[in-house]
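Right, one structure below, let's go through it.
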Amino acid sequence: MTTVLLIRHGRTSANTAGILAGRSSGVELDDVGRTQVADVGTRLGGVPLRGVVTSPLRRCRQTTQALVGARDDACPVHTDQGIIECGYGDWTGRTLKELSQEKLWATVQSQPSAVRFPGGESMTEMSARAVGTIRAWDARMEAEHGADAVWAAVSHGDVIKAVLADALGMHLDAFQRILVDPASVSIVRYTASRPYVVTVNSTNADLGKLLSPPPGKPAGTDDDAAVGGGLGASAPPDPAAGEPR
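This is the structure:
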């Protein structure tokens, strides 16, 4: 039951200006963004990360540096083009206000699977490469560190939304229903039977509690869902239940 933390980069000046930064070079975290990722680093301090995979864009690398720099242990960092921002092509660098007047905007909102950005990537291509990359890294982490391994991927809003949509069994056309804020953490556990979405768009939850195995059911021992919902990861163990067997 390998677990991935999907972390969006912190806030940038492009975010506050309403500009679609895309793959523009030199886009950096602003002061708020740096504070945000420092807070995420603190929240991850007690989580035994086996590695961090980051988009090559600067705002993600800055976020990754903050996360790794806050740790007492050594945490390998890998860069992968597979989780780079969507290729927005000619839309890159333009304001969202201006883009909202484009005919394609309505299709982006209602049927993203039909969208190819002018001079850029299609959203189905973005989704396929992102999901494939995350699943490949997850298999690698399990092979190298075991089924209970926890790792992180630092990427971008639409990329993370596409990965979450896949994990939730949603069609890409529904992925605009998912919110992924700057410096948010979403958690997915991959098992042999199905992915489990533990949380989405978390900005303040105790990550250690969210990653704890359910009482009496150590991580990696069972792929089945708890009928009725179970106790949940943060529930205290029942003394009458005795020790897990």
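For the sequence shown, the tail end lands on 245 under full-length UniProt numbering, and the numbers increase by one without skipping.
We put the CB at the ideal spot given by N, CA and C, even for glycine.
Exercise. Just confirm the distance between the C-beta atoms of M123 and V131, as a whole number of angstroms; I'd bet it's less than 8 Å.
Key: In fact, because the Cβ distance is near 12 Å, the residues do not count as touching under 8 Å.
Self-check item: Complete runs of the beta strand (DSSP E) confined to the stretch 49 to 123 [at least 3 residues]
Solution: 49 to 54, 77 to 79, all fully within the stretch 49 to 123.
Quiz item: Where do the N-terminal and C-terminal ends of the beta strand (DSSP E) with V27 fall, by residue?
Solution: Where V27 is concerned, there is no enclosing beta strand (DSSP E), because DSSP gives it neither an H nor an E.
Exercise. Let me know if N204 comes out buried or exposed under the rule of 16 or more other beta-carbons within 10 Å of its beta-carbon.
Key: It counts as exposed.
Practice problem: Pick out whichever of G82, Y190, R71, C86 has its Cα sitting closest to the Cα of F117. | Solution: The closest CA to that of F117, considering only G82, Y190, R71, C86, is found on C86.
Practice problem: Could you pull out every residue in the same chain whose Cβ sits closer than 7 Å to the Cβ of R50, ignoring the five residues on either side in sequence? | Solution: The residues are M141, H145, A149, V150, W151.
Quiz prompt | Cα-Cα separation, V198 to T3 | solution = Using only the alpha carbons, I get a separation of about 9 Å.
Exercise. Would you tell me roughly how many angstroms separate the C-alpha atoms of G18 and L99, rounded to the nearest one?
Key: So the alpha carbons of these two residues sit roughly 10 Å apart.
Quiz prompt | Complete runs of the alpha helix (DSSP H) confined to the stretch 144 to 228 [at least 4 residues] | solution = You should have 157 to 168, 207 to 210.
Quiz item: Under three-state DSSP, which class holds V4?
Solution: Looking at V4 - three-state DSSP - the assignment turns out to be strand.
Exercise. Below 6 Å CB to CB, which residues in the same chain sit around G220 once its five sequence neighbours on both sides are set aside?
Key: Annotation note: pLDDT 49 at G220 (below 50); position unreliable, coordinate value reported separately. For G220, the CB contacts under 6 Å within the same chain, skipping 5 residues up- and downstream, are M1, A147, D148 in chain order.
Quiz item: Which same chain residues, not among the five before or five after R129, have their C-beta less than 7 Å away from its C-beta?
Solution: Sequence-distant partners of R129 (beyond 5 residues in either direction) whose C-beta falls short of 7 Å from its own C-beta, in its chain, are G82.
Exercise. Check whether the stretch 32 to 40 touches the stretch 178 to 185, taking contact to mean three or more Cβ pairs, one atom from each stretch, closer than 8 Å.
Key: Counting C-beta pairs with one atom in each stretch, the stretch 32 to 40 and the stretch 178 to 185 have three or more that are closer than 8 Å, which means they touch.
Quiz item: What span of residues does the alpha helix (DSSP H) with T42 cover, start to end?
Solution: Counting along the chain, the alpha helix (DSSP H) containing T42 begins and ends at 31 to 43.
Quiz item: Between the C-alpha atoms of A136 and A143, what's the straight-line distance to the nearest angstrom?
Solution: So the two alpha carbons sit approximately 11 Å from each other.
Self-check item: Cutoff 6 Å; reference C60; Cβ partners in own chain excluding five residues on either side
Solution: Counting only Cβ-Cβ distances below 6 Å, and skipping sequence neighbours, we find H9, T54, V154.
Quiz item: Given that a residue counts as buried once 16 or more other Cβ atoms are within 10 Å of its Cβ, and exposed if not, what is T64?
Solution: Flag for T64 reads buried.
Exercise. Classify T12 as buried or exposed, calling it buried when 16 or more other Cβ atoms lie within 10 Å of its own Cβ.
Key: With 16 or more Cβ atoms within 10 Å of its Cβ, T12 is classed as buried.
Practice problem: With a 10 Å radius around its C-beta and 16 neighbouring C-beta atoms as the bar for buried, classify P76 as buried or exposed. | Solution: When all chains shown are included, P76 counts as exposed.
Exercise. Pick helix, strand or coil for T16, following the three-state DSSP scheme.
Key: If DSSP states are grouped into helix, strand and coil, T16 belongs with the helices.
Exercise. Run the proximity test for E98: is its beta-carbon closer than 7 Å to any non-hydrogen atom belonging to the ligand PLP?
Key: In the structure on display, the ligand PLP does not appear, and there are no ligands present to speak of.
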